[in-house]
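Down below is the structure, laid out as C-alpha cells.
Numbering (the working numbering), first residue to last: 651 to 1435.
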C-alpha cells in the first residue's frame, strides 16, 4: 500500500474534495494570497471561504514540515543500516510529528547511555535470555558474564547492566509510548501545589495552591495560569494517574508496561526481576518523558486557544462600526497634564491641536468650554471622541455640558478606547505622519480617527498593543504575530481600501502589497497626485503584474475615471461587466446601484471560460450595492449620568455599557466608572453558554445589571440576565476576578490577563469571593495604552 499523496491526506482531514486541495496548493505555491483566492478564485477552489483557506494553508505547512522530517528520519535510520521494511512503512504512514519521533527514538543519536555501556560489556545476551525465558534464574545466568576488564565485577553489576538494556528498550517502544500517552491524557489529572514559603508572594495564584482537574478538561486560561505560576516559581505542577499516596498496589502505568511486553508474575525465577524492570522503565524513563510530552501538549493547546481568543477579539475590534467621514473633535483626557484636543476633518486630516485644563488642579472649566465651542463652530464638528482613560468621565461631563449649552452645535459625544494610542504616538510612522505635532497630541488625533474608521487607524498599531487578549505575553510571539497578521490582512481586504487616502500601514495589509510596495504607492501618489484609475497602479515602481493581480480588486478609486474602480469587481472581470451592459442596453453609471434591473439578470447568462457562476453572482451583487461595507451600523452607548466611579454603583442598577474584551470565562464591560466589570459566562444569557462569543463580542453595546460591588478592591460583578437578583446565592465563578482596570496613565505596559478557576458555577450569578485572579488581571488591563 503506497503512501497517500499530500492532497489526499489534506482532503480527508479538511473534508473537502482532493481537486480543491490541489487547486489551492497550486495557487498558494504560485504566490497567490488567501484573500485573493477566497474572493476571486471561487471557481477554482469550489467556493472555499477565507477561514477554510487559512486552515488549509496552516495544515499544508504542517504536513510539509512533517514530510520533510519524515524524509530526514528515514535517511538517518537507513544510514545506520537499521531501516527494515516494517519500520519504513510505520514511519511513512505516521500522521503526526509525535508518532514519528516515537518511532525514531531508538535510532536517534544520543549520548553514551548506561544501556550502551552494558551492551559494550557484552550483557545484551543476558538481557535477552532473561526476557525470553523467565524460568532462568537471574543470578545463575548473570554469573556467566562476569568480566573485570569489561567492568562487570559481580552478579549485581551484570544484572544492573541487563536491566538498563531492557529499560531503554521498553522506554523506546513507540507503540507502548503512544499507548501510555493516550491513557494518561484520558485518565490523568493536572495538579498544582504551592511552593513552600511562597503563599504571600503568590497570593494571586491562591486558587491553585491545592488544585486538581482532569488534564484533558483543563480550560486554556487555567492551564496558562498554572504554567505562569510554575514559571514564577510559586507553583509546582504535575500530571498524576491513580492515587500517588497508595503504595500498596503497583502504579497502573507500571502494569501497562508489563502487560505490553507480556510480563507476569507466575512464580518463575526471573518474574520478579522482570516486574521490577518494568517498574524501573516507568519510573526512571517513561514517566518523566511522557509527563513532559503531555505538559507540552497541554501548553500548546492552551496557547492555541489563547491566541484564537485574541484573534477573534481583534477581528471584532477591527471590524467595528465606523462613524464615517464626519468632522471630529478628539479629546485625550487627563488631570494635571490637561486634556489634549485634536480636530480632524471628514477625511481624517489633522486640522488643529491644543490643550485645555478643565479638571483639577487648574479647574479651568469655563475657559475650556469656550475653547471647545469655538473649535466646534469653526470646523463644523459632528462628533466628539473621548478617550476612555484617566479623567474620561469627567471629560465626558465637559462634552455633555458643551452640548447642553450649545444645542446649535449638534454634536454627539462618543467614548472611544484608547488602547494602543500611546504606542502609535511614539511610533516612527506617527513621527512621519505628524512630524510637527507633539507626541501627546498625536494620541488625541489617533482617538479621533479611530472613531471615524477603527480599521484604518488601528492597523497603524502593533496588534499586540491593542490589548484584547489573554496571556498574550506568555504565548509564542511568533505564533501570535502570525495569527494576528492574518486577521488584520483578512479584515483589511474584506472592507477594501481607498487607494487615494490610505496610509502606508493600511496599504501594506492589502493582498499582494506589503510594506515596501505600500511606501512606493504612497510616494508615487505624493509625487503624481491622486490615482485616476486602477490601471495607474501599474506605473508604480516595483508593482508588477502579479502584485497588480493580487491587490487591484481590494484597492478602490472613489472619484476616478471608471465607476467600476469604486467597487470590488476585479479589473480582470471588467469584460464580464461589458457583457452585462450590452445585454441590458445600459451604461455603467446608470446600471450601478439599480437593483430593479440587476435582480432580473441570471448569472449563468454571463459566464465565460474563465469566470463561472460564483464570480458572476459576486459581480451582480457588487453592481447592485457597489463598495458595500461588511461592517455594522454605527451606534453609541450612553453611560448613566451620576455613575462615574465604582462607589456610585449599587447592586440592582441597570446600566448600558460597551463590551471591551471577551475571554473564555466571560466578558468585560465598560459602564463608565473607569473600571470594567465582569459578566461571567454563567450570567451572559438565560441558557447554558459554552463560549462567551456566542453572545457578545468587543464593541457590542449591552444592557447589564450590577450584581455585586467591592469598593475597596474596585471589583464589579455584572449580569446580562435582567431577572437575576443581587440577593440570590452567590455561586463561585470560573475566574478569580470580575473586573479589570481601564487605561489609566499614558503607559505602554499591556500585560495580559490571567484566569482562575474551579469550574463554571450553575448558580444564578457570579460571586466575587476568593478573588485570587483579580490582582493580576486588574493590573494587566489597567495599562493598555
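Note that beta-carbon positions come from the ideal geometry of N, C-alpha and C, so glycine has one too.
Quick caveat, the model's predicted, so the values are computed rather than measured.
Tell me which residues share the same chain as residue i and place their Cβ nearer than 7 angstroms to its Cβ, disregarding the 5 neighbours each side in the sequence.
{"i": "residue 795", "result": "772, 773, 776, 802, 808"}
{"i": "residue 766", "result": "none"}
{"i": "residue 1126", "result": "953"}
{"i": "residue 932", "result": "901, 903, 904, 907"}
{"i": "residue 966", "result": "1347, 1348, 1349"}
{"i": "residue 922", "result": "915"}
{"i": "residue 724", "result": "733, 738, 741"}
At what residues does the beta strand (DSSP E) containing residue i begin and finish?
{"i": "residue 1318", "result": "1316-1320"}
{"i": "residue 1051", "result": "That residue, residue 1051, is in no beta strand (DSSP E); its alpha helix (DSSP H) goes 1042-1055."}
{"i": "residue 1063", "result": "1062-1066"}
{"i": "residue 1325", "result": "1325-1330"}
{"i": "residue 860", "result": "860-864"}
With H, G and I counted as helix, E and B as strand and the rest as coil, what does DSSP make of residue i?
{"i": "residue 1012", "result": "coil"}
{"i": "residue 1217", "result": "coil"}
{"i": "residue 1311", "result": "strand"}
{"i": "residue 724", "result": "helix"}
{"i": "residue 1436", "result": "For residue 1436 there is no data in the structure shown, the boundaries of the chain being 651 and 1435."}
{"i": "residue 884", "result": "coil"}
{"i": "residue 992", "result": "strand"}
{"i": "residue 801", "result": "coil"}
{"i": "residue 1239", "result": "helix"}
{"i": "residue 980", "result": "strand"}
{"i": "residue 654", "result": "coil"}
{"i": "residue 841", "result": "strand"}
{"i": "residue 1006", "result": "strand"}
{"i": "residue 1206", "result": "strand"}
{"i": "residue 986", "result": "coil"}
{"i": "residue 1148", "result": "strand"}
{"i": "residue 659", "result": "helix"}
{"i": "residue 1001", "result": "strand"}
{"i": "residue 1251", "result": "coil"}
Can you find the residues in the same chain that come closer than 8 angstroms, C-beta to C-beta, to residue i, ignoring five residues on each side of it along the sequence?
{"i": "residue 827", "result": "752, 755, 821, 936, 939, 940"}
{"i": "residue 769", "result": "815"}
{"i": "residue 994", "result": "977, 978, 980, 1000, 1001, 1095, 1098, 1099, 1102"}
{"i": "residue 1247", "result": "1234, 1236, 1241"}
{"i": "residue 1272", "result": "1217, 1218, 1219, 1278"}
{"i": "residue 865", "result": "834, 835, 838, 839, 840, 889, 944, 948"}
Using the beta-carbon count (16 or more within 10 Å), is residue i buried or exposed?
{"i": "residue 854", "result": "buried"}
{"i": "residue 953", "result": "buried"}
{"i": "residue 877", "result": "buried"}
{"i": "residue 712", "result": "exposed"}
{"i": "residue 1340", "result": "exposed"}
{"i": "residue 850", "result": "exposed"}
{"i": "residue 1132", "result": "exposed"}
{"i": "residue 783", "result": "exposed"}
{"i": "residue 1369", "result": "buried"}
{"i": "residue 1254", "result": "exposed"}
{"i": "residue 670", "result": "buried"}
{"i": "residue 927", "result": "buried"}
Along the alpha helix (DSSP H) that carries residue i, what are the first and last residues, could you check?
{"i": "residue 605", "result": "This structure gives no information on residue 605, because the portion of the chain shown stretches from 651 to 1435."}
{"i": "residue 1138", "result": "1127-1145"}
{"i": "residue 1454", "result": "Beyond the ends of the chain as shown, which are 651 and 1435, falls residue 1454; an answer cannot be given."}
{"i": "residue 1266", "result": "1263-1274"}
{"i": "residue 1035", "result": "Residue 1035 -> not in any alpha helix (DSSP H); beta strand (DSSP E) instead, spanning 1033-1037."}
{"i": "residue 1155", "result": "1154-1158"}
{"i": "residue 1224", "result": "1224-1234"}
{"i": "residue 906", "result": "902-910"}
{"i": "residue 1178", "result": "1165-1178"}
{"i": "residue 1295", "result": "From DSSP, residue 1295 is part of no alpha helix (DSSP H); its letter is neither H nor E."}
For residue i, which residues of its own chain have a beta-carbon under 6 angstroms away from its beta-carbon, when the five flanking residues on both sides are left out?
{"i": "residue 880", "result": "887"}
{"i": "residue 859", "result": "844"}
{"i": "residue 1201", "result": "1160, 1161, 1162, 1163"}
{"i": "residue 1168", "result": "1154, 1157, 1158"}
{"i": "residue 1165", "result": "1158"}
{"i": "residue 1361", "result": "1296, 1297"}
Would you say the beta carbon of residue i comes nearer than 6 angstroms to a heavy atom of the ligand SAH?
{"i": "residue 788", "result": "Because no ligand of any kind appears in the structure shown, any question about the ligand SAH cannot be addressed here."}
Can a CB atom of chain D be found closer than 7 angstroms to the CB of residue i?
{"i": "residue 1329", "result": "In the structure shown, chain D does not exist; there is a single protein chain."}
Runs of beta strand (DSSP E) lying entirely within the stretch 1333-1380, each at least 3 residues, in chain order: As far as the stretch 1333-1380 is concerned, its whole beta strand (DSSP E) runs of at least 3 residues are 1351-1360, 1365-1369.
Starting from the N-terminal side, write out each stretch of the alpha helix (DSSP H) that is 4 residues or longer and does not extend beyond the stretch 931-971. Contiguous alpha helix (DSSP H) elements confined to the stretch 931-971 occur at 937-968, taking only those with 4 or more residues.
Complete alpha helix (DSSP H) runs within the stretch 1064-1101 (minimum length 4 residues, chain order): 1071-1075, 1078-1083
Pick out the complete alpha helix (DSSP H) segments inside the stretch 732-795, 4 residues or longer, and give them in chain order. 735-742, 747-754, 764-770, 774-782, 788-792
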